[in-house]
Every structure is written in structure tokens, then in C-alpha cells.
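**Student:** Numbering-wise, my numbering puts 225 at position 225 of the sequence shown, and it's gapless, one number per residue.
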Amino acid sequence: MQTVDIPSFEYTSKNDGPRLLITGGVHGNEHGCVHAVEKLKTYLDDGTIALKQGTLSVIPLINKRAYEEKQRFIDRDLNRNMHYYDDIKHHEDPISNTICPHLEKADILLDLHAYEGGDIPFVSLGPDKVEEKEFGTMVGPTEICWGFQQSFADQANASHGIGMTEYARQFDAIAITVECGYKFDDIATRDVGFDVILNTLQYFGYADTLDIERTKYPYNDNPPTPKWIKYNRAYLKQKDGTPVRVLKHLDKITEGEELYKYDDGEIITAPYDGFAVMPRKEPKVGETILYAGLVDEPLKDAN
Ligand SMILES: [Zn+2]
1 MQTVDIPSFE YTSKNDGPRL LITGGVHGNE HGCVHAVEKL KTYLDDGTIA
51 LKQGTLSVIP LINKRAYEEK QRFIDRDLNR NMHYYDDIKH HEDPISNTIC
101 PHLEKADILL DLHAYEGGDI PFVSLGPDKV EEKEFGTMVG PTEICWGFQQ
151 SFADQANASH GIGMTEYARQ FDAIAITVEC GYKFDDIATR DVGFDVILNT
201 LQYFGYADTL DIERTKYPYN DNPPTPKWIK YNRAYLKQKD GTPVRVLKHL
251 DKITEGEELY KYDDGEIITA PYDGFAVMPR KEPKVGETIL YAGLVDEPLK
301 DAN
């Protein structure tokens, strides 16, 4: 099977412990996230961060060519349809082949991203692990979205909803995505990412990071409302069209409201009162226009 060379760095403590994988640059235009993971590597190499347990695997930049071209991807979104590809058709296929084994080995995954159409860093969780919910709740951002994979359930290609975290969860990992900000190149995105990394190392006992200098974010000074949003339903762009109005992440949508107008006249309307999750300004055909989110908390009974 065809693979590619993706620089990955492994740090192992004398003390046993789980394997933590931290990744950036799955999407090539999210440079701040790459810089956050590179900063972690620098701090591990110069001893500023000393590993106390387990194995820490660090992959700062997964899609190098997309990064160099400042594109989300070259041929297809690497954070969708994650599996092995025997028949290589796209630039991203051998990258998936290289990354899948890393995801299979990980006990814990922190995958850093940035997004367009909003200004609130947020965490993205799966629906059914108490440990994952606890991890996501303490990692930094107070806004939490969950159930990404399940929002694609009624699509023709349900594997569209399987990205880095969803693939790792199939192998029992505790896996979260953190969307660190909205300006892909922005220094604030890098600093949110680095803060989240330090919080992760502290929370799981990998390193003492409380004294490491960082930009403190007022994640909790002004808690957003609502805190918990279920992705609930994804809308993939089927053909050419334009948004009816410019939406931002977590803008309210109202049942029946026209959201997106295809050039042939077909209109996507809001299926219920809810919230726009990660609306895209100019998605390509096959990409997500938005998710119609609902206020809902995962694992309510587990609290
Ligand atoms: Zn991304």
C-alpha cells in the first residue's frame, strides 16, 4: 500500500502510560495549528516540557503540500472518509494510509483545527464516552459541539463523517478535535492551540505545564450560550448555489428559513429552530454547507 513520509516524533517516558497523539495540519490552510504543535515539539526537545509518563507522539504537519499552497486540501478533504486506500486516486489517499496506523495506536488523540465563519474556539466530541466528555470539558474552550459523525447518518456516503477522531474512536481512543479559531494564520489560533496542548498534558499527567508561559484565554469569563450543541444534521452541497444570508458559527436559524439557494432554484430551508454550526462561505460541491445544530448535551444521565 502506498504511503508518504510524514515527519512524526515520539517521546517515551520511563514510566508506563497511555499513548497520546497530538496532530496539526490535517487541513493545509490552518497554519496556526501547525505552529502550535511545532512549539510543543520545540519545548519537548529543549526540555522545557519533561514527559512524566507514557508515550507522546507528535505530528505537526500532516498535509504538507496543502500547507505550502495554503489550501484546505489538494484533491479531497483529508478529515473525511478516513480509511486505507488501495487504489490511489487523490493526493490525500497515501496520506490517509500513513496516518491510519498512528490513529489505531493512539489511546488519546488531540487533533487541532481552525475554521471559517465564526470567532469562538470550540471543542468537538463524540457522543458516547464519559472520559471524552470530561477531557473536552476541561481542555479550554467552553463551547462544545458533539455528534459530528452521526450528523451524516442519512447521507448516501455515511463514511464522509469519519475523520481523524472518528477513525481513532473505532479503535477505542479518547479523541477530540479543538477548533482553535477562525483566522487560519492568526497568532491567536496558534496560542489557543498551544494553551489546549498544555492543558491536555497537565490533565492526563504527561507533564507539569502550569508554570509554562502561555497566553491565557478568558474561556470561562463569559461563558457562551448555549454551551452544548449537537451537530445533528449535515448539509452537503449537491450543486452550484449561494447562501441566502451570511451566517456565522452559532447564529440562530429558524424553522423554514431559507438557508441556501441552488442555481436551479432548489432551496435548503432550516429543518427546525436551532443553530448554524460551522457554516462555510464558499463550499465546493461535495463539501458541507453547514450543520443544523440543536441545543443538546451528550451523556446527560452520566453526570
Ligand atoms: Zn480543519
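We treat Cβ as the ideally placed atom computed from N, Cα and C, and that holds for glycine.
(1) Taking the straight line between their C-alpha atoms, what separation do you get for residue 127 and residue 148?
(2) Assess, as a yes-or-no matter, whether the region 116-136 is touched by the region 151-162 under the definition of 3 or more beta carbon pairs within less than 8 angstroms.
(3) Let me check you understand the geometry: is the CB of residue 166 closer than 6 angstroms to at least one non-hydrogen atom of ligand 1?
(4) Cα-Cα, which of 281, 273, 180, 212 is closest to residue 23?
(5) Can you look up residue 120 in the DSSP assignment and give me helix, strand or coil?
(6) Determine the closest residue to residue 281 out of 275, 259, 110, with distance taken between C-alpha atoms.
(7) Are residue 229 and residue 145 touching if we call contact CB-CB under 7 angstroms?
(8) Compare the Cα-Cα distances from residue 34 to each of 294, 14, 64, 19 and report the closest residue.
(9) Given that a residue counts as buried once 16 or more other Cβ atoms are within 10 Å of its Cβ, and exposed if not, what is residue 252?
(10) At a cut-off of 6 angstroms, would you count residue 249 as near ligand 1, judging by its Cβ distance to the nearest heavy atom?
(11) Ignoring anything shorter than 3 residues or poking outside the region 148-184, list the beta strand (DSSP E) runs there in chain order.
(12) Which residues in the same chain as residue 41 place their Cβ atom closer than 7 angstroms to its Cβ, once the five residues preceding and following it in sequence are excluded?
(13) Any heavy atom of ligand 1 closer than 6 angstroms to the Cβ of residue 31?
(14) Express the C-alpha separation of residue 194 and residue 39 in angstroms, rounding to a whole number.
(15) Straight-line CA distance for residue 99 to residue 175?
(16) Does the beta-carbon of residue 189 have 16 or more other beta-carbons within 10 angstroms, so that it is buried, or is it exposed?
(17) Taking 6 angstroms as the cut-off, does the CB of residue 90 come closer than this to any heavy atom belonging to ligand 1?
(18) For residue 86, which of 264, 245, 2 has the nearest alpha-carbon?
(19) Would you call the region 285-295 in contact with the region 261-273, where contact means no fewer than 3 C-beta pairs closer than 8 angstroms?
(20) Along the chain, where does the alpha helix (DSSP H) containing residue 190 start, and where does it finish?
(21) Name the one or two DSSP bridge partners that residue 108 has.
(22) Do residue 30 and residue 168 have their C-beta atoms closer together than 7 angstroms?
(23) According to DSSP, which residues form a beta bridge with residue 10?
(24) Give every residue of the same chain whose Cβ lies closer than 6 angstroms to the Cβ of residue 279, excluding the five residues on either side of it in the sequence, and list them in chain order.
(25) What do you reckon, is the C-beta of residue 160 under 6 angstroms from a heavy atom of ligand 1?
(26) CB-CB under 7 angstroms to residue 198, same chain, minus the five flanking residues each way: which ones, in chain order?
(27) Terminal residues of the continuous beta strand (DSSP E) containing residue 277?
**Tutor:** In this structure, then:
(1) 9 angstroms
(2) no
(3) No, Cβ of residue 166 sits at least 6 angstroms from all heavy atoms of ligand 1.
(4) 180
(5) coil
(6) Ranking 275, 259, 110 by CA distance to the CA of residue 281 puts 259 first.
(7) yes
(8) For residue 34, the nearest C-alpha among the options comes from 64.
(9) exposed
(10) No, the beta carbon of residue 249 sits no closer than 6 angstroms to any heavy atom of ligand 1.
(11) 174-179
(12) 9, 58, 60
(13) no
(14) 7 angstroms
(15) 15 angstroms
(16) buried
(17) no
(18) 2
(19) yes
(20) 187-203
(21) According to DSSP, residue 108 bridges with 20, 174.
(22) no
(23) 57
(24) 117, 247, 290
(25) no
(26) 209, 212, 214
(27) Note, residue 277: beta strand (DSSP E), 274-277.
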